[in-house]
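Visitor: Structure in structure tokens, see below.
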Amino acid sequence: MSEEAAVIYFKCSETRVPPVIRRVLLRKGWVEWDKDKDPEELWSLHWKSGRFKLSDWDRCLSHQRINHCPKSSNITKKDNLHRNIKRLAGSYGPIFNFVPTTFVLPNEYVAFMREYAEREEEKPLWICKPSDSSRGRGIFLISDMSQLVYDQQYVVQEYIANPLLVGGFKFDLRLYVLVTSFHPIRCYLYREGLVRFATEKYSKDSSSIANLFAHLTNSSINKFSPSLDEHKDTVGSGCKWTLTRLRKYLSSAGVDDSLLFERIKHIIILTTLALWPKIPRQTSGFELFGFDVMVDSELKPWLIEVNSSPALATDTELD
């Protein structure tokens, strides 16, 4: 008589855990740990949307894993990502030239003013974001220093003025990367991803910078757009495609995207490398990152940011 398969328990410590996590684990035959009757050592996986305390990793037994790593904020906070990529670029050169020119204010205000003055005739646009926010909150664009007003730490980044467009609409890529180990680095790029569109046609005209529906691709912003459900040129209704659909579209337009996606893989590896010296060698954590990548008209990918606990809500059939 064969032995029964061991029961594997998982722990979700808050209501904000995406329902899809529970559904998948239960479908696989896992059992949810019950804090009222199950001993602490019984669970094998602890999933949490928020951050863990250092003591949570210290208390993990050899069979237990939790879904965050200590120090991962070194790439998931916008200011930290800038500092760490800048540090590596200083050591290894242009191989790390995949992040737009960036400054952290107020610390790098003088350096930003110098860059602004040197390029004033060029009149580049700049995108300003709170260092520690998500979902497009607090973001604005400027074309002139008089428009720069902030009351907290901000990241100011050169705006990619020549984005690749689909039907005249700007988009970015949300790519899901699972890192199971940092010593050695072992990461997996999910073969599918999301393409997130702005819901109004893109314009380079600086007079349009207040129209966030044309310049920002965050779904959390564009879901409020009056044109969200309209049938838009090429894009259709809504503001999302699958990555597969985008690649088919590019192929039908005669675009060979193979080099583009090899470059994206290199960006992911090099960005993960920035964390390597920061993560303790012995950790019971793993990390699911959401990499946000913009593609310009020359098919060059640009890393915009890295998200911890990327949205896993299944609000639409496409999700």
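Here the sequence shown stands for residues 351 to 669, numbered as in this note's numbering.
Note that CB positions come from ideal geometry on N, CA and C, so glycine has one too.
1) Just to confirm the assignment: which complete alpha helix (DSSP H) runs, minimum length 4, are found wholly within the stretch 437 to 506?
2) Near L668, what residues of its chain come up, given a Cβ to Cβ distance below 7 Å and the 5 sequence neighbours on each side ignored?
3) Check whether the Cβ atoms of S647 and P513 sit closer than 9 Å, and answer yes or no.
4) CA-CA distance, M351 and R546?
5) Run through DSSP, which three-state label would K385 get?
6) Let's test the definition: count the other Cβ atoms within 10 Å of the Cβ of I477 and tell me whether it reaches 16, buried, or not, exposed.
7) How should L376 be labelled, buried or exposed, when 16 other C-beta atoms within 10 angstroms of its C-beta is the threshold for buried?
8) Taking the alpha carbon of H432 as the reference point, which residue from S405, N561, I629, D482 has its own alpha carbon closest?
9) Which runs of the alpha helix (DSSP H), 4 residues or longer, sit entirely within the stretch 545 to 593?
10) Use the C-beta contact count for A473: other C-beta atoms within 10 angstroms, 16 or more gives buried, fewer gives exposed.
11) Quick check on DSSP: helix, strand or coil for E391?
12) Looking at W407 and P630, is the spacing between their C-beta atoms short of 9 Å?
13) In the stretch 633 to 669, which residue ranges form an unbroken beta strand (DSSP E) of at least 3 residues, counting only runs that do not cross its ends?
14) How many angstroms separate the CA atom of R409 from the CA atom of E390?
15) Using a Cβ-Cβ cut-off of 6 Å (strictly less than) and excluding sequence neighbours within five positions of N434, which residues of its own chain qualify?
16) K428 bridges to which residues according to DSSP?
17) Taking the alpha helix (DSSP H) that S405 falls in, what are its first and last residues?
18) Taking N447 as the reference, which of L455, V454, L438, F453 has the closest Cα?
19) Who does W397 pair with in a DSSP beta bridge?
20) Quick check on V605: does DSSP put it in helix, strand or coil?
21) Among V656, P651, V506, I510, whose alpha-carbon lies nearest the alpha-carbon of F462?
22) Measure the Cβ-Cβ separation of T452 and K520 and say whether it is below 9 Å.
23) Looking only at its own chain, which residues have a Cβ that is under 6 Å from the Cβ of L395, when we skip the five neighbours before and after it?
24) DSSP state of P630, grouped into three classes?
25) Smallest Cα separation from G517: which of R372, L596, H418, L610?
Guide: Answer, in terms of the structure:
1) You should have 459 to 468.
2) As a position in the sequence shown, residue 668 is number 318, starting the count at 1. Result list for L668: K590, T592, in chain order.
3) Translated into the one-based positions of the sequence shown, residue 647 becomes position 297. Translated into the one-based positions of the sequence shown, residue 513 becomes position 163. It is a contact, given that the beta carbons lie within the stated cut-off.
4) By one-based count along the sequence shown, residue 351 stands at place 1. By one-based count along the sequence shown, residue 546 stands at place 196. Unreliable positioning characterises M351 in this predicted model, as indicated by a pLDDT of 40, which lies under 50. A coordinate reading is not provided.
5) Numbered from 1 along the sequence shown, position 35 holds the residue referred to as residue 385. Residue state, collapsed to three classes: coil.
6) Mapped onto the sequence shown, residue 477 falls at position 127. Answer is buried; the Cβ neighbour count reaches 16.
7) The residue given as residue 376 occupies position 26 in the sequence shown. Exposed, by the Cβ-count rule.
8) Locating residue 432 in the sequence shown gives position 82, counting from the first residue. When each option's Cα is compared against that of H432, the closest is D482.
9) Segments of the alpha helix (DSSP H) lying fully in the stretch 545 to 593: 562 to 565, 569 to 572.
10) Residue mapping note: residue 473 aligns to position 123 of the sequence shown, counting from 1. Inspection of the sequence shows that residue 473 is occupied by Lys rather than by Ala. The residue is exposed, with fewer than 16 neighbouring Cβ atoms inside 10 Å.
11) Here residue 391 refers to the residue found at position 41 when the sequence shown is read from its first residue. In the displayed model, E391 falls within a helix according to three-state DSSP.
12) Taking the sequence shown and counting its residues from 1, one reaches residue 630 at position 280. Taking the sequence shown and counting its residues from 1, one reaches residue 407 at position 57. Between P630 and W407, the CB-CB gap stays under 9 Å.
13) If we require 3 residues or more, the beta strand (DSSP E) runs fully inside the stretch 633 to 669 come out as 637 to 645, 651 to 658.
14) Start at 1 with the first residue of the sequence shown, and residue 409 comes out as number 59. Start at 1 with the first residue of the sequence shown, and residue 390 comes out as number 40. Per the coordinates, the alpha-carbon of R409 lies some 10 Å from the alpha-carbon of E390.
15) Along the sequence shown, one-based indexing puts residue 434 at 84. Excluding sequence neighbours, N434 sits near N424, A624.
16) The sequence position of residue 428 within the sequence shown is 78, counting from 1. None, per the DSSP bridge assignment.
17) Walking along the sequence shown from the start, residue 405 turns up at place 55. Taken as a continuous stretch (DSSP letters only), the alpha helix (DSSP H) holding S405 covers 404 to 409.
18) For the purposes of this step, residue 447 is taken as the residue at position 97 of the sequence shown. Of the listed residues, the one whose Cα sits closest to N447 is L438.
19) Locating residue 397 in the sequence shown gives position 47, counting from the first residue. W397 pairs with C362.
20) On the sequence shown, residue 605 is found 255 positions in, with the first residue counted as 1. When secondary structure is reduced to three states using DSSP, V605 falls in the coil class, being assigned neither helix nor strand.
21) For the purposes of this step, residue 462 is taken as the residue at position 112 of the sequence shown. Closest option to F462, judged by alpha-carbon separation, among V656, P651, V506, I510: V506.
22) Numbered from its first residue, the sequence shown carries residue 452 at position 102. Numbered from its first residue, the sequence shown carries residue 520 at position 170. At a Cβ-Cβ threshold of 9 Å, T452 and K520 do not count as neighbours.
23) The sequence position of residue 395 within the sequence shown is 45, counting from 1. F360, R415, listed in sequence order.
24) For this step, residue 630 is matched to residue 280 along the sequence shown. Look at P630 here: in three-state DSSP terms it is coil, with no helix or strand label.
25) Position 167 of the sequence shown, counted from the start, is the residue given in the question as residue 517. It is L596.
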